[in-house]
Amino acid sequence: MPSSALPRTRERELDRVFGALSDRTRRAILARLAEGPARVSELAEPFRMSLPAVSRHLKVLERARLIARDVDGRVHHCSLAPDSLRDVDRWLHHYRGFWEGSLKSLARYVEQDKTRKLR
Amino acid sequence: MTPNDAQSVTLVVRETIRATPERLFAAWTRPEQLMQWWGPEGVTCTAAEVDLKVGGAYRIANRFPDGTLLWITGNFEVIEPPHRLVYTWSTGMEPGASERVTVRFAAHGDATEVSVIHERIRDAALRDMHEKGWLGCLAGLRRYLASG
Chain L
3 MPSSALPRTR
13 ERELDRVFGA
23 LSDRTRRAIL
33 ARLAEGPARV
43 SELAEPFRMS
53 LPAVSRHLKV
63 LERARLIARD
73 VDGRVHHCSL
83 APDSLRDVDR
93 WLHHYRGFWE
103 GSLKSLARYV
113 EQDKTRKLR
Chain C
69 MTPNDAQSVT
79 LVVRETIRAT
89 PERLFAAWTR
99 PEQLMQWWGP
109 EGVTCTAAEV
119 DLKVGGAYRI
129 ANRFPDGTLL
139 WITGNFEVIE
149 PPHRLVYTWS
159 TGMEPGASER
169 VTVRFAAHGD
179 ATEVSVIHER
189 IRDAALRDMH
199 EKGWLGCLAG
209 LRRYLASG
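Line by line, the protein sequences are chains L and C.
The first sequence begins at 3 in the numbering used here and counts up by one.
The second sequence begins at 69 in the numbering used here and counts up by one.
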C-alpha cells in the first residue's frame with residue numbers, strides 16, 4: 003500500500019534538497035551557516051576553493067531553498083533560509099505531536115460516548 | 069486537489085477510530101463537542117466558535133499546562149459532510165504565513181480512518197519577495213564574478 007504520494011512539485015523539491023545534501027562540501031557549508039550568517043569569501047576559505055567553485059555549491063543550496071542570500075553593496079551574505087531543515091523539522095515535530103495527541107483524544111471521546119449510549 | 073506550492077511543507081497524520089464518519093464529522097464541527105476532545109494531553113479547549121459554511125470563520129482557544137492561552141483561527145474552504153473539511157489555520161504566531169488543514173473521514177467497515185493533512189504555506193507575497201531577492205543576488209553575483 004503506497005504511503006501518501008506527494009505532488010510532483012514537492013517531489014522535485016525533495017530531489018533538490020537531497021541532491022544538495024549529498025555533497026560533503028555543501029553539508030559543511032550548511033554546518034557553518036548553522037552557526038550564523040557568513041560572507042561568500044568566508045565560506046570558501048576552509049576549502050581553499052575558488053569563488054566560482056563555491057558559487058556553484060551555493061547555487062545548488064539556493065535552488066534547494068536551504069540558504070538565502072543578502073546583498074549589501076558588493077558583499078554577499080549567506081544564511082540558512084527561513085524554511086531551512088531545522089525550522090521545517092521543528093514545525094513537523096510540533097504538529098505531529100499535536101495532531102496525534104488530538105486524534106487519540108477524539109477517539110477516546112467518541113468511543114466513551116458510544117459506551118454511555120449503550121447503557 | 070490544488071497543486072502543492074513549492075515552498076510548502078506537508079504533514080499527514082492518520083488514526084482509525086471506531087465510529088462512523090458522520091459521528092466524527094459532528095464531533096469535529098460542533099463547538100460543544102469540539103471542546104470536549106480538542107487538543108493533545110494537557111491542552112484544554114476553553115472556547116470554540118464555528119460558523120460552518122464556506123468562507124465562515126472558526127476560533128478555538130487552547131489552554132496549555134503553563135496557563136498560556138493560544139487562539140487558533142481560520143476560515144472554511146471546503147465543507148463536504150461527512151467526508152472532507154478544508155480550512156485555513158493561523159495561530160497568529162507567524163505573521164504573513166498561513167497554513168491549511170484538510171481532514172478526511174473515510175469509512176472502513178465499522179471504523180473510520182481520520183486523516184489530517186496540515187500544510188504550511190508561505191504567504192504568496194513573502195515568497196515573491198524571496199524570489200526577487202534571490203534573482204537580484206544571482207545577478208549581482210554574476211556581475212561580481214565577471215568583474216574578475
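A virtual CB, placed ideally from N, CA and C, is assigned to each residue, including glycine.
From a predicted model like this one, the values you see are computed outputs, not experimental measurements.
Query: Endpoints, the alpha helix (DSSP H) within which L:Ser24 is located; Result: L:Ser24 -> no alpha helix (DSSP H), and no H or E assigned at all.
Query: Per-residue contacts from C:Ile85 into chain L (C-beta, under 8 Å); Result: Leu105, Leu108, Ala109, Val112 and Glu113
Query: Chain L residues whose Cβ lies nearer than 8 Å to that of C:Val182; Result: Leu105 and Leu108
Query: Minimum Cβ-Cβ distance from L:Glu102 to chain C less than 9 Å; Result: yes
Query: Cutoff 8 Å; reference C:Ala115; Cβ partners in own chain excluding five residues on either side; Result: Met103, Arg127, Ile128 and Ala129
Query: Selected residue, minimal CA-CA separation from C:Ile147, among C:His186, C:Phe173 and C:Gln101; Result: C:Phe173
Query: With 16 other Cβ atoms within 10 Å as the buried cut-off, status of C:Val122; Result: exposed
Query: Beta-carbon gap between L:Ala70 and L:Glu15 smaller than 9 Å; Result: no
Query: The ligand COA heavy atom lying under 8 Å from the CB of C:Leu138; Result: Ligands in the displayed structure: none, and consequently the ligand COA is not present.
Query: Contacts that L:Gly99 makes with chain C (C-beta to C-beta distance below 7 Å); Result: Pro108
Query: Same chain, Cβ closer than 6 Å to C:Val171, neighbours up to 5 away in sequence not counted; Result: Leu153 and Val184
Query: Unbroken alpha helix (DSSP H) run spanning L:Leu53, endpoints; Result: Leu53 to Arg65
Query: Euclidean distance between Cα positions of C:Thr84 and C:Trp105; Result: 16 Å
Query: Cβ neighbours of C:Thr70 in the same chain (closer than 6 Å, five flanking residues each side left out); Result: Residue confidence is low: C:Thr70 scores 34 on pLDDT, short of 50, so the model does not pin down where it sits. No coordinate-derived value is stated.
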